[in-house]
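Here's the structure we're looking at; comments come further down.
Residue numbers (our numbering): 16 to 334.
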């Protein structure tokens with residue numbers, strides 16, 4: 016795997032991530048149910064990769080209980096993330112919803128501050144207002160007749176859920192030497208199983224669980240599971256073995272751009288000039304946060320997107 020191929024795979028992965036948002040928008044289903052089936056149907060697709068990883072780990076230290084339990088708990092947070100993300104897509108469209116969840120790069124340092132006393136970067140005093148202003152613009156704050164406050168809040172909740180997911184994965188990642196970290200799909204399988212069960216139980220308890228109808232319904236869910244889970248994270252896992260974390264985390268921001276473009280092309284969901292400005296402010300704030308975190312960490316492992324835990328989890332990026 017050469018760096019050039021790694022970059023190409025990262026771009027393919029971010030495009031697949033954006034395509035999954037467009038697919039969710041096209042599926043007229045209950046958000047909780049879509050989230051549940053997306054995760055549950057991905058598990059059998061991931062099992063062959065997980066089995067291969069476990070065979071390769073023979074003779075090495077087993078994955079610790081802390082890591083396995085952490086993956087299951089993180090899956091609950093991811094289920095919450097997907098549920099709010101799907102709700103946001105249905106209310107404000109896949110493009111804007113995918114942009115909004117980039118607030119997770121700001122929330123992660125705040126979680127570290129609350130849990131571990133790690134003071135956030137001084138730059139956040141400027142970045143947070145910038146991104147909040149971008150959120151207001153994408154929500155149509157200058158066009159009061161089109162404000163979708165509930166959809167915006169759902170998108171922000173999705174970003175918060177994803178930040179919690181990353182925080183848990185980071186703190187429960189294996190402590191082995193890097194060359195022995197070879198089970199990202201085993202952990203991803205556990206995460207998807209936990210996320211799927213969580214959302215399915217929530218949907219059932221609320222009386223909102225829907226079963227796909229006919230071959231068309233099941234086919235759409237299978238396609239979403241393959242594109243949004245398996246293809247996306249297969250590309251990311253392989254690509255991150257060849258390119259730096261700096262390059263990978265920057266390229267991941269393309270998913271928001273792709274999502275807005277696909278929404279415009281496929282659904283004629285054309286954002287206004289103010290909304291495009293808001294998107295640019297959110298993406299710029301996310302990039303600024305990641306770059307500042309890398310400089311603060313000396314260019315090794317930034318506190319917002321740790322490369323080791325990202326590779327190990329197999330879910331280092333967005334939907």
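Backbone N, C-alpha and C fix where the C-beta goes; we use that ideal spot for every residue, glycine too.
When C-beta atoms of the segment 293-308 are compared with those of the segment 141-148, three or more pairs fall below 8 Å, so the two segments count as touching. With contact defined as three or more Cβ pairs closer than 8 Å, the segment 114-134 and the segment 202-215 are not in contact. A residue is called buried once 16 or more other Cβ atoms fall within 10 Å of its Cβ, and residue 134, having fewer, is exposed. Within the same chain, Cβ atoms closer than 6 Å to the Cβ of residue 169 are found at 99, 102 and 103, the five residues on either side in sequence being excluded. Between the segment 265-276 and the segment 27-43, the count of Cβ pairs shorter than 8 Å is three or higher; the stretches touch. In terms of Cβ geometry, residue 240 and residue 93 do not form a close pair [threshold 9 Å].
Residue 63 sits exposed, since fewer than 16 C-beta atoms from the chains shown fall within 10 Å of its C-beta.
The C-beta separation of residue 111 from residue 153 comes to about 5 Å, placing the pair in contact by the 8 Å criterion. Of the candidates 208, 274 and 252, the residue whose Cα lies closest to the Cα of residue 50 is 208. Counting along the chain, the unbroken alpha helix (DSSP H) around residue 22 starts and ends at 18-41.
Between residue 35 and residue 282, the C-beta gap is not smaller than 9 Å, which leaves the two residues out of contact. Excluding residues up to 5 positions away in sequence, 200, 201 and 204 lie with their Cβ nearer than 7 Å to the Cβ of residue 65 in the same chain.
Assignment of residue 186 by DSSP, reduced to helix, strand and coil, places it in the helix class. A distance of 9 Å or more separates the beta carbons of residue 173 and residue 47.
Uninterrupted alpha helix (DSSP H) stretches at least 4 residues long and entirely within the segment 124-179 occur at 139-153, given in chain order.
Counting C-beta atoms within 10 angstroms of its own C-beta, residue 84 has fewer than 16 neighbours from the protein chains shown and is therefore classed as exposed.
For residue 104, the secondary structure class from DSSP, reduced to helix, strand or coil, is helix. For residue 50, the enclosing alpha helix (DSSP H) stretches over residues 46-71. The alpha-carbon separation between residue 180 and residue 97 amounts to approximately 11 Å. Within the same chain, 278 and 284 come within 6 Å of residue 108 by CB-CB distance, once the 5 residues on both sides are set aside.
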